[in-house]
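Notes for the one structure printed next.
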Amino acid sequence: MSTSLPIEQHLNQIRSVLASQNRLILVAQPGAGKTTRVPLTLLSCAWAQGQKLLLLEPRRVAAKLAATFMAAQLNEQVGETVGYRMRGDSQTGRKTRLEVVTQGVLIRMLQDDPLLEGVAGIIFDEFHERSLEADLGLALALDVQESVRDDLRLLVMSATLDVTALKRVLGSDIAVIESEGRAFPVETHYRPPLGEASLSDTALRVLHEALIRPESQDVLIILPGVADIAQLVDAVEESPLDVEVHPLHGRLPLELQQAAMRPRAERRRVIVSTAIAESSVTIDGVNVVIDAGFERVPLFNPSTGLTKLTTRRVNKASADQRRGRAGRQQPGVCYRLWAAEQPLVGYAEPEILQADLSNLVLETALWGVHEPRALSWVTSPPEGALRSAQALLDQLRLRAPGGGLTQLGRQSAALALEPRLAAMLVGAKALQAIPLACALAALMEGRERVQGSLRDALTQRLQKPSAFSQWHQQTQRLARSMDVSMPRVVDLGALSALLCLAYPDRVAQRIGIGRFKLANGKTATLPERHPFAQHDWLVAVAIESATSEARIYVAEPITITTLVQLYPDTGRWEECVGWSEEQGKLVGEAVQRHGELVLAVRPLPQLSAEAMEKALLEALKQRPQLVITEDVRQLQGRMALLSRLWPEQWPDWSEAVLMGTLETWLAPYVAGLTRMAQVERLPFHSCLMNTLAWEQQQQLERLVPSVITAPSGRAINVDYAPCQVEQAPVLALKLQEAFGWQSTPTVVDGRVSIILHLLSPARRPLQVTQDLKSFWINGYPEVRKEMRGRYPKHPWPEDPLTAQATASTKRRHE
DNA sequence: CTCTCCCT
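Position 154 of the first sequence, counting from 1, maps to 154 under UniProt numbering, and the rest follow consecutively.
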């Protein structure tokens, strides 16, 4: 059967492209056979002789399965020509030429040997899943290939036809080979919820419909979350349907997951699953899929530093993948619980756009890249999440000011733990609490949910390690990597200190019953009856960010003394001068802070000059706007006109810019001031003018004069305020004052015509014009006819071009 | 009213 796989007909082409080029994209649908056929065929290529190939798989099961299958193809055991490598479980030997590795392993291999000696090529399987680690692995591999290993072959395999982003980073001329997949046809029906029916009600209704068809075998129902699954499982069990029902999700113990996947002959099975059934596991015997069309995804919020689970509609690629689960072994049926016309986004967002990037920043810093965006990414890590990750690493003391790693940071990166836990582990040395830190890290990293207090959970495990084998294994592994052995008795004394090392940003100060302010400035709550609800200080370990206030699920009490011992900066008294709105003046205090939290305050008798200056400017910046007098407003308008024409030569004096640059133009004048009223009285006009050179000041007066002399002899203020909104300056004057002006007056050496507001003797607008010449000819006769009767004492000559201009009445003139 | 998935 292997000879009939769709990928077979492309193998020669794949070999020939990689003989002469070092990059290739292979697009193949599920069932094409790419995972197992392509790596084996590449082993015999000339460029791979005497070297290894790495095959990257996104999941441990997939890696083992692929290795086992390929070894069997060669009539060998795993660990001979084909082996695998993953955390805590490897089978490779001296003969091994193809290593199937999981994502974390690839990154460690690259970090340990950036030359990748002995490796001829890397195959990225299932790249369309766009996991954070696959993206990082490819970025590092590209860096290696571009800098020191142009012979290194990189083959990216994807089930997605949309390869534009990949081509952008791999090169627009890269070869793309496409292969058909192989699957049975699946009939699609759309069954949106009726009225207000819930997802599980709708799924139950459609399940009845599906089971009526005699050809229906086992049914896979995909719902967004565990709660929906439990609800539907109950409903099916209470219904008269003669089926065997199994829940399936990642938090279920492994035995129950496996039970859900085992085929049974006697009764039809209904498997109610999360998205885990979409890609991670295959279930034999299924030919009906009921897809609710939703997924729950963790979205990282850079401003809170928290990850929130969000339910949203699936993308089209996932929906098709789910549907395909009905046609793996025979023709099938898929019921979609949404309307056919429901729009869906095309593909899943790459994880890099929505995940916590602290590990990515740690890895790239270890790689020697201080600014992660300098690498070549299929999708660049987003700015906000990068800054947030950098801030966390700074707080964990893993990152040095320049962006490199500290000593602690380098040790942490080698530990293969998330940065918070790694920082805790390396920091445990100074607390002489490494064994406890290992036990704690293993607990927090584990998948099991901690019920009740951390202290109890730890005590339980330390007393009876054999009952918690996964935790025990990981504890031992961490202890080995820290060069300690686990003692028989572990003291829990350093527990809260260790947690502060991992979660310095989540130190929490009580601000009410069960309400806490976190060091990152956010508010979080603990149930009012929680035993810690009345503690003044906690460290919040598990938090879920909700729409309103974040909720704390796991916490541990701490003392300020502990905090100060761990973070010497926290204990430092910091001079803090601030503006008091109530007192209308600057006040000073010395405070001890931890992030946004204030530990202690004492008044400060004397304020330093710099602190006062800084505080005053800061207070000014907090205000919605500067106090702008008319002369400053005019100056801003004049400057706006000039800087629009010559942005290189004239500064931008818009309000936003002035607010942002107080330090440069206002600072010299605030020295010694303590009250805001004094600041408000400063001559801002002169302060601004003084920043210009003398020649520039002269030029300003000449190009945009503040007054223009009308034919009447009167000097009239030009209004430049409209220039701030990109309009021309305005000159308002009585019509009679303009007699004799042949055309519109101008500024900026004739470049800009002024808008004239010609007024009646009662200063009512008669005409607004930027073309005076045409007004005299076309508009004036009409105005004259109408106004002569109403204002007989004022001159209304027939020829305004030659008439004597005047600001007063006829009589005074005679 | 906690909990999608994955990995060093």
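Cβ coordinates follow ideal geometry from the N, Cα and C atoms, glycine included.
* Asked: Between which two residues does the beta strand (DSSP E) harbouring residue 592 extend?
  -> 585-594
* Asked: What does DSSP give as the partner residues of residue 390 in its beta bridges?
  -> According to DSSP, which records beta bridges pairwise, residue 390 is partnered with nothing at all.
* Asked: Under 8 Å, do residue 797 and residue 803 count as touching if we go by C-beta distance?
  -> yes
* What residues match up with residue 335 in a beta bridge as DSSP calls it? -> 189, 290
* Asked: Between residue 138 and residue 34, what straight-line distance do the alpha-carbon atoms span, to the nearest angstrom?
  -> 19 Å
* Contacting residues, own chain, Cβ-Cβ under 6 Å from residue 19 (five flanking each side not counted) -> none
* Just reading off the alpha helix (DSSP H) that residue 792 is part of, what are its end residues? -> Careful: residue 792 lies outside any alpha helix (DSSP H) and carries neither H nor E.
* Can you find at least 3 beta carbon pairs, one from the region 774-792 and one from the region 746-754, that sit closer than 8 Å? -> no
* **Contact under 8 Å by Cβ, residue 604 with residue 618** => no
* How would you write the range of the alpha helix (DSSP H) that residue 665 sits in, first residue to last? -> 662-665
* Please go through the region 538-584 and give each complete beta strand (DSSP E) segment of 3 or more residues, from N-terminal end onward. => 550-557, 574-580
* With 16 as the cutoff for other CB atoms within 10 Å, does residue 734 come out buried or exposed? -> buried
* Cα-Cα separation, residue 620 to residue 575 -> 19 Å
* Asked: So what's residue 194 in DSSP terms, helix, strand or just coil?
  -> coil
* **residue 771 versus residue 743 - alpha carbon distance** => 7 Å
* Asked: Less than 8 Å separating the beta-carbons of residue 32 and residue 182?
  -> yes
* Can you list, in chain order, the residues of its chain whose CB lies under 6 Å from that of residue 302, leaving out five sequence neighbours each side? -> 384, 385, 388
* Take residue 816 as the anchor and find which of 17, 26, 22 has the nearest alpha-carbon. => Because the chain spans 1 through 814 in this model, residue 816 falls outside it and cannot be assessed.
* Fully enclosed by the region 480-520, which alpha helix (DSSP H) runs are 4 residues long or longer? -> 495-502
* For the 8 Å Cβ check, are there 3 or more pairs between the region 328-337 and the region 172-186? -> yes
* Asked: Quick one: what's got a C-beta closer than 8 Å to residue 410's C-beta in the same chain, skipping five residues either side?
  -> 366
* Leaving out five residues on either side along the sequence, give the residues of the same chain with a beta carbon under 8 Å from the beta carbon of residue 728. => 722, 752, 753, 754, 755, 770
* Asked: Under three-state DSSP, which class holds residue 358?
  -> helix
* Is it the case that the Cβ atoms of residue 425 and residue 415 are separated by a distance below 8 Å? -> yes
* Asked: Is the CB-CB distance between residue 538 and residue 516 below 8 Å?
  -> yes
* Backbone secondary structure at residue 58 - three-state DSSP -> coil
* **Which of helix, strand or coil DSSP assigns to residue 64** => helix
* Look at the Cβ atom of residue 522, then the Cβ atom of residue 550, and state whether they are nearer than 8 Å. => yes
* Asked: Within this structure, are the beta carbons of residue 229 and residue 247 separated by less than 8 Å?
  -> yes
* **Residue burial classification, residue 92 (beta-carbon count within 10 angstroms, cutoff 16)** => buried
* Asked: Do you know whose CA, among 715, 647, 651, 609, lies nearest residue 670's CA?
  -> 609
* Asked: For the region 24-106, which segments carrying the alpha helix (DSSP H) assignment without a break, of at least 4 residues, lie completely within its bounds, in sequence order?
  -> 34-43, 60-73
* To do: Return helix, strand or coil for residue 432, following the three-state DSSP convention.
  => coil
* **Short Cβ contact (8 Å threshold) for residue 704 with residue 638** => yes
* Asked: Between which two residues does the alpha helix (DSSP H) carrying residue 12 extend?
  -> 11-20
* Asked: Where do the ends of the alpha helix (DSSP H) carrying residue 320 lie?
  -> 316-324
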